[in-house]
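Chemist:
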Amino acid sequence: MAQLDLGRVAVIGVGLIGGSVALALRGASASNDMVGVGREAENMRTALERGVVDRVAESAAEAVAGARLVVIATPMAQFESCFAEIRDSLAEDALVIDVGSTKREAVRAARAVLGARASRFVPSHPIAGAERSGAAAARADLFTGKRVVVTPLHENPPEAVQLCTRIWEACGARVSRMTPEAHDEVLGAVSHLPHVLAYALVHEFAKRENAGELFGLAGGGFRDFTRIASSHPEMWRDICVVNRDAIAAELERYVAKLGSLRTLIEAGDGAALETLFSEAKSARDRWLDAVVRDSGR
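My numbering applies: residue 7 is where the sequence shown begins, and numbers increase by one.
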């Protein structure tokens with residue numbers, strides 16, 4: 007396969023994910039002309055100092071001028087205004103991708119604002135991240151061996167979907183395809199729900215009168231379970247709002263499961279608890295084995 011040559015790349019929102027895309031594409035020699043734009047001046051200075059971007063634009067419209075690839079890495083609530091700002095500055099052959107954790111809202115915003123030019127927008131979601139945020143946290147290897155879900159639109163030309171796939175593969179990722187609807191339902195369960203639970207548990211303990219004692223005695227299990235509660239609050243606010251139907255359904259199922267567990271605990275049914283815990287352990291072990299096998303490909 008020929009070397010990927012993207013020319014100018016515009017990254018709108020140079021944080022952990024957007025910055026890591028820039029570093030990964032630079033590392034793959036896919037572009038040496040990275041233009042970034044962001045809301046926080048200090049973060050953009052960090053992006054320049056670290057070589058995440060080569061230039062900082064004054065606006066999103068300025069950033070995308072002449073770019074062949076545009077990466078939208080802003081919080082979901084900004085997608086519609088972002089599309090509106092860049093619409094008239096996009097090159098005819100520019101490919102627009104995003105890194106958002108929900109896809110139905112991204113698709114709705116693109117179609118509403120870009121109209122026919124939404125055919126140049128190929129939605130995608132890298133299943134990768136960390137609890138740290140900002141350009142200082144960006145890493146060239148963030149996507150190596152990780153899965154990226156691409157959710158093509160019916161109006162996308164095949165070459166646009168193919169280029170999106172090649173871009174993520176150049177970043178080291180393994181690409182899967184889903185519909186936007188299926189993506190939001192599945193990620194609502196395995197990604198959005200765990201983040202909500204982590205935030206809820208930390209918040210519950212923080213509001214108790216003996217919060218100091220609780221956190222003082224918390225160990226590795228609490229740290230591991232709640233690690234993702236250190237994620238970017240604004241990003242997760244938007245995810246919960248735009249994917250609220252899927253998340254609410256998953257919360258209802260989880261509350262029912264907790265109710266079943268409470269019944270077993272109150273009854274002192276050790277045998278049933280052990281069976282449930284054993285089944286859960288086996289399922290997680292099988293999942294981890296599959297992750298190891300996939301990462302070794």
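Note that CB positions come from ideal geometry on N, CA and C, so glycine has one too. All values reported here derive from a predicted model rather than from experimental measurement.
Quick one: measure Cβ to Cβ for residue 66 and residue 92, integer angstroms, because I've assumed they're closer than 8 Å.
Modeler: The Cβ separation is near 5 Å, so the contact holds.
Chemist: Would residue 148 and residue 166 be called neighbours here (beta carbons separated by less than 8 Å)?
Modeler: For residue 148 and residue 166, no; Cβs fall outside 8 Å.
Chemist: Count the other CB atoms, across all protein chains shown, that sit within 10 Å of the CB of residue 300; report buried if there are 16 or more and exposed otherwise.
Modeler: With fewer than 16 Cβ atoms within 10 Å of its Cβ, residue 300 is classed as exposed.
Chemist: Let me check understanding here. Comparing Cα to Cα, which of 27, 142 and 38 lies closest to residue 52?
Modeler: When only C-alpha atoms are compared, the closest one is 142.
Chemist: Say the cut is 7 Å; is the CB of residue 250 nearer than that to a heavy atom of the ligand MN?
Modeler: The ligand MN is not part of this structure, which contains no ligands at all.
Chemist: Determine whether the beta carbon atoms of residue 130 and residue 174 lie at a separation below 8 Å.
Modeler: Going by C-beta atoms, residue 130 is nearer than 8 Å to residue 174.
Chemist: Any chance you could list the beta strand (DSSP E) runs of at least 3 consecutive residues sitting entirely within the region 16-103, in chain order?
Modeler: If we require 3 residues or more, the beta strand (DSSP E) runs fully inside the region 16-103 come out as 39-43 and 75-78.
Chemist: Am I right that residue 244 and residue 132 are in contact with their C-beta atoms under 8 Å? What's the rounded C-beta distance?
Modeler: Actually they do not touch by this definition, with Cβ atoms about 17 Å apart.
Chemist: Please report how far the alpha carbon of residue 205 lies from the alpha carbon of residue 171, in whole angstroms.
Modeler: The alpha-carbon atoms of residue 205 and residue 171 are separated by roughly 33 Å.
Chemist: If you scan the region 236-298 from start to end, which runs of the alpha helix (DSSP H) of 4 or more residues do you find wholly inside it?
Modeler: Entirely contained in the region 236-298, the alpha helix (DSSP H) runs reaching 4 residues are, in chain order, 239-248 and 250-273.
Chemist: Checking 8 Å against the spacing of the C-beta atoms, do residue 15 and residue 75 come in under that value?
Modeler: Yes; because the gap between Cβ atoms is below 8 Å, this pair is in contact.
Chemist: Just the C-alpha distance for residue 85 and residue 112, rounded to the nearest angstrom, thanks.
Modeler: Rounded to whole angstroms, residue 85 to residue 112 spans 7 Å at the Cα level.
Chemist: Helix, strand or coil for residue 198? Go by DSSP, reduced to three states.
Modeler: The answer is helix: DSSP assigns residue 198 an H, G or I state.
Chemist: Per DSSP, which one or two residues make a beta bridge with residue 139?
Modeler: DSSP lists no partner for residue 139.
Chemist: For residue 131, name the three-state secondary structure that DSSP assigns.
Modeler: In this structure, residue 131 counts as strand in the three-state DSSP scheme.
Chemist: Give the DSSP-derived three-state secondary structure of residue 105 in the structure shown.
Modeler: Three-state DSSP puts residue 105 in coil, outside helix and strand.
Chemist: Would you grab the beta carbon distance between residue 140 and residue 22 for me? Rounded to a whole angstrom, and I think it's under 8 Å.
Modeler: About 7 Å separates the two Cβ atoms, so the contact holds.
Chemist: Since residue 177 contacts residue 286 with CB under 8 Å, what's their CB separation in whole angstroms?
Modeler: Not confirmed; about 33 Å, so no contact.
Chemist: Based on the DSSP output, what are the partners of residue 182 in its beta bridges?
Modeler: DSSP lists 155 as partners of residue 182.
Chemist: Does the region 178-193 come close enough to the region 104-124 that 3 or more CB-CB pairs lie under 8 Å?
Modeler: Counting Cβ pairs under 8 Å, three or more are found: they touch.
Chemist: Looking only at its own chain, which residues have a Cβ that is under 6 Å from the Cβ of residue 127, when we skip the five neighbours before and after it?
Modeler: 102 and 116.
Chemist: Hey, residue 59 and residue 27: beta-carbon distance below 8 Å or not?
Modeler: For residue 59 and residue 27, no; Cβs fall outside 8 Å.
Chemist: Which residue wins for smallest C-alpha separation from residue 64, given the options 161, 42, 56 and 218?
Modeler: Ranking 161, 42, 56 and 218 by Cα distance to residue 64 puts 42 first.
Chemist: Does DSSP put residue 123 in a helix, a strand or coil?
Modeler: Here residue 123 sits in helix by DSSP.
Chemist: Locate the alpha helix (DSSP H) running through residue 164, then write down its first and last residues.
Modeler: It spans 164-176 - the alpha helix (DSSP H) in which residue 164 sits, taken as one unbroken run.
Chemist: Under a Cβ-count criterion, where at least 16 other Cβ atoms within 10 Å of its own Cβ denotes burial, should residue 294 be classed as buried or exposed?
Modeler: Counting Cβ neighbours within 10 Å, residue 294 comes out exposed, since fewer than 16 surround it.
Chemist: Going by C-alpha distance, which of 124, 55 and 262 is nearest residue 162?
Modeler: Taking only the C-alpha atoms, the option nearest residue 162 is 124.
Chemist: Please report the Cβ distance between residue 38 and residue 20, rounded to the nearest whole angstrom; I am assuming they are in contact, meaning their Cβ atoms lie under 8 Å.
Modeler: Not confirmed; about 16 Å, so no contact.
Chemist: Assuming residue 144 is part of the alpha helix (DSSP H), what are its boundary residues?
Modeler: Where residue 144 is concerned, there is no enclosing alpha helix (DSSP H), given that its DSSP letter is neither H nor E.
Chemist: Considering only the beta carbon of each residue, do residue 194 and residue 252 sit closer than 8 Å?
Modeler: Their beta carbons are under 8 Å apart, which means residue 194 touches residue 252 by this criterion.
Chemist: Going by beta carbon distance, what residues of the same chain come within less than 7 Å of residue 169, once the five residues before and after it are set aside?
Modeler: Excluding sequence neighbours, residue 169 sits near 101.
Chemist: Consult DSSP for residue 14 and reduce its assignment to one of helix, strand or coil.
Modeler: DSSP places residue 14 in strand when its eight states are reduced to three.
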